Amino acid sequence: MARRNGNERKLFSHIRPKSAIAESFRTLRTNINFSSVDWPYKVLLTTSPGPEDGKSTVSTNLAVVMAQAKSRVLIIDCDLRKPVIHKYFDLDNIRGLTNLLVQDLEIEDAVYATEVEGLFVIPSGPIPPNPSELLGSSKMVELLEKVAAAYDVVILDTPPVIAVTDAVILAPMADSVLLVLRAGNSRIDMAREARDRLVRTGARSVGVVLNEADIRGDGYYPYYYYSYYGSKDTLSKEK
Ligand SMILES: Nc1ncnc2c1ncn2[C@@H]1O[C@H](COP(=O)(O)OP(=O)(O)OP(=O)(O)O)[C@@H](O)[C@H]1O
Ligand SMILES: [Mg+2]
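Residue numbers (my numbering): 272 to 510.
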């Protein structure tokens with residue numbers, strides 16, 4: 272039995288696979304799969320307008336339900352400012368993405384297996400002074416090409432779009448961007464600004480995940496996720 276460190280409890284899709292939350296992540300997985308008929312994806316980037324919208328919750332739980340569907344999934348913690356992915360899986364963060372980007376290592380040296388079958392993690396590694404520069408490097412492009420060939424799905428967890436440029440730098444390297452909006456937390460003007468910045472990068476597909484949506488419409492906010500996933504065209508029509 273793995274140690275429980277608090278963060279691990281957030282991996283509801285693994286711990287409580289029959290819960291409504293796990294079910295909503297499976298719905299998100301289905302929606303992404305449907306939309307990939309037009310936009311085949313391999314590398315998925317998760318971001319949001321501001322802090323604490325639920326990016327890392329979505330990245331990790333989505334990775335779990337994708338692995339449960341027999342995909343080989345890799346999550347890379349590209350939040351080199353406030354990395355948390357290692358905490359969800361109770362891993363140390365001694366070696367990770369930053370080591371791969373600045374040292375001459377094999378990718379496998381920074382890949383950790385998790386207790387979820389088929390799910391692997393590259394933690395952030397030590398926090399660097401120049402995150403944007405590292406993420407925008409040609410070594411990052413090469414790394415993504417290599418992992419895309421080795422896994423069925425690669426999920427990139429990133430910092431908020433409005434605060435720092437990291438997600439915008441990475442967006443063109445991904446096949447699909449998931450913009451997480453959190454009911455009661457994301458302001459509509461910030462959401463639009465974030466979407467526009469991502470679309471301007473030439474990101475091939477930008478979808479929206481609504482976190483903590485009031486799906487019953489009665490003002491009661493259940494702990495629940497509702498998702499909408501659309502292509503660039505759908506989003507521009509929405510404007
Ligand atoms: N639907 C939800 N209901 C209740 N709590 C939630 C929900 N989604 C996320 N949280 C909690 O909100 C906090 C922030 O979530 P998370 O770390 O996923 O956000 P983030 O966007 O990755 O944050 P950051 O900007 O720091 O990277 C966490 O404690 C998480 O457990
Ligand atoms: Mg996060």
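By construction, the Cβ of each residue, glycine as well, lies at the ideal position given by its N, Cα and C atoms.
Please read these numbers as outputs of a predicted model, since none were measured by experiment.
A Cβ-Cβ distance of about 14 Å is found for the pair leucine 469 and cysteine 349, leaving them out of contact under the 8 Å criterion. For asparagine 332, the enclosing alpha helix (DSSP H) starts and ends at 326-339. Going by beta carbons, threonine 328 and valine 432 fall outside the 8 Å limit.
Put simply, the backbone Cα of proline 354 is about 8 Å away from that of proline 394.
Looking from the CA of tyrosine 422, the closest CA among Glu294, Ala293, Tyr312 and Leu368 belongs to Tyr312.
Comparing C-alpha distances from glycine 478 to each of Ala334, Gly321 and Ser306 shows the shortest one belongs to Ser306. Taking the CA atoms as reference points, glycine 396 sits about 21 Å from valine 335. Ordered along the chain, residues surrounding ligand 2 are Lys326 and Ser327 [Cβ under 5 Å from any heavy atom]. Here DSSP, grouped into helix, strand and coil, assigns isoleucine 398 to coil.
If you check the C-beta of asparagine 482 against ligand 1, you find a heavy atom less than 7 Å away. For valine 439, the three-state secondary structure derived from DSSP is helix. When the beta-carbon positions are compared, alanine 381 and asparagine 364 stay at least 8 Å from each other. Cβ-Cβ separation between aspartate 428 and lysine 358: approximately 12 Å, too far for a contact (criterion under 8 Å). Every alpha helix (DSSP H) of 4 residues or more that sits fully in the stretch 413-472 is shown, in chain order, as 437-441 and 459-471. Set against 7 Å, the gap from the CB of aspartate 467 to the closest heavy atom of ligand 1 is not smaller. One alpha carbon belongs to isoleucine 347, the other to serine 330, and they sit about 10 Å apart. Just measuring C-alpha positions, the residue of Met461, Val451, Ala474 and Ala465 sitting nearest aspartate 324 is Val451. Within the model, the alpha-carbon separation for leucine 315 versus glutamate 388 is close to 20 Å.
At a threshold of 7 Å, valine 314 does not count as near ligand 1, since its beta carbon sits no closer than that to any of the ligand's heavy atoms. The continuous alpha helix (DSSP H) containing asparagine 370 extends over residues 368-373. Between serine 447 and arginine 475, the C-beta gap is smaller than 8 Å, which places the two residues in contact. In this structure, the CA atom of alanine 338 is about 35 Å from the CA atom of aspartate 460. A distance below 8 Å between beta-carbons, with the five flanking residues on each side excluded, links valine 412 to the following residues of its chain, in chain order: Met444.
Contact between leucine 449 and lysine 410 does not hold, since their C-beta atoms are separated by about 24 Å, which reaches or exceeds 8 Å.
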